[in-house]
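**Student:**
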Amino acid sequence: MAKERNRDNWTTPDNFWNWVDSFYQFTLDACADAGNARCFDYLDILQNGLTTPWKGRVWCNPPFSQAPEWHRKAAGEIYMGNCDLVVVLGHAGVGAEWFQTHIKEFVPDVYLVSPRVQFDPPVGVKKSSNSRDSMLCVYRSRPAKVPRIEAIRWQ
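Okay, so the sequence shown: first residue is 1112 according to my numbering, each after it adds one.
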């Protein structure tokens, strides 16, 4: 369990966060803790962002081991009209079955991010390089009829 938490609790680096937030001006971090929250308002493990309603313009850097659940939650919050926008950062696992099904059903904009995001490790964990490509999935209150998939450079 502790090992899994260490793999899933890496922080969005400041330079990447500042770049993304400059476009969207987030008001809620849906998956954070006091040490890595990116917004004044955030949901931590006790508040459980998977069960607590979201509102506003939401940032979500979820545990990658739970990606399908967090993407379903993001799409659901948009569908229910609770949020104006949700942006989920994750691995660009575009070949995964859950991703293929999800894109067809919920139609987010997908941005394949280059270079890879190098996350900051939890306290006590040695920093290592990220060997997987990153993506941003942007859920909007008025999604397009066809998913937009685009490669972007952030540095």
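Every residue, glycine too, gets a C-beta built ideally from N, C-alpha and C. Only a predicted model underlies this, so the values are computations on that prediction, with no experimental measurement involved.
(1) Tell me the DSSP secondary structure of Arg-1183 in three-state form.
(2) Nearest-angstrom Cα distance between Ser-1245 and Tyr-1190?
(3) Between which residues of its own chain and Pro-1232 is the CB-CB distance below 6 Å, once the five residues before and five after are set aside?
(4) Is the distance from the Cβ of Asp-1140 to the Cβ of Tyr-1153 below 8 Å?
(5) Short check: CB of Cys-1267 to CB of Trp-1165, under 8 Å?
(6) Determine, using beta carbons only, whether Ala-1148 and Tyr-1250 come nearer to each other than 8 Å.
(7) Could you check whether Leu-1157 and Glu-1180 sit closer than 8 Å to each other, using their CB atoms as the reference points?
(8) Run through the DSSP bridge pairs and tell me what Val-1131 is partnered with.
**Tutor:** In this structure, then:
(1) Secondary structure of Arg-1183 (DSSP, three-state): helix.
(2) So the two alpha carbons sit approximately 25 Å from each other.
(3) Sequence-distant partners of Pro-1232 (beyond 5 residues in either direction) whose C-beta falls short of 6 Å from its own C-beta, in its chain, are Trp-1121 and Lys-1238.
(4) For Asp-1140 and Tyr-1153, yes; Cβs fall inside 8 Å.
(5) In this structure the chain extends from 1112 to 1266, so residue 1267 is not present and cannot be described.
(6) No, they are not a contact pair.
(7) No.
(8) Partner(s): none; Val-1131 has no beta bridge.
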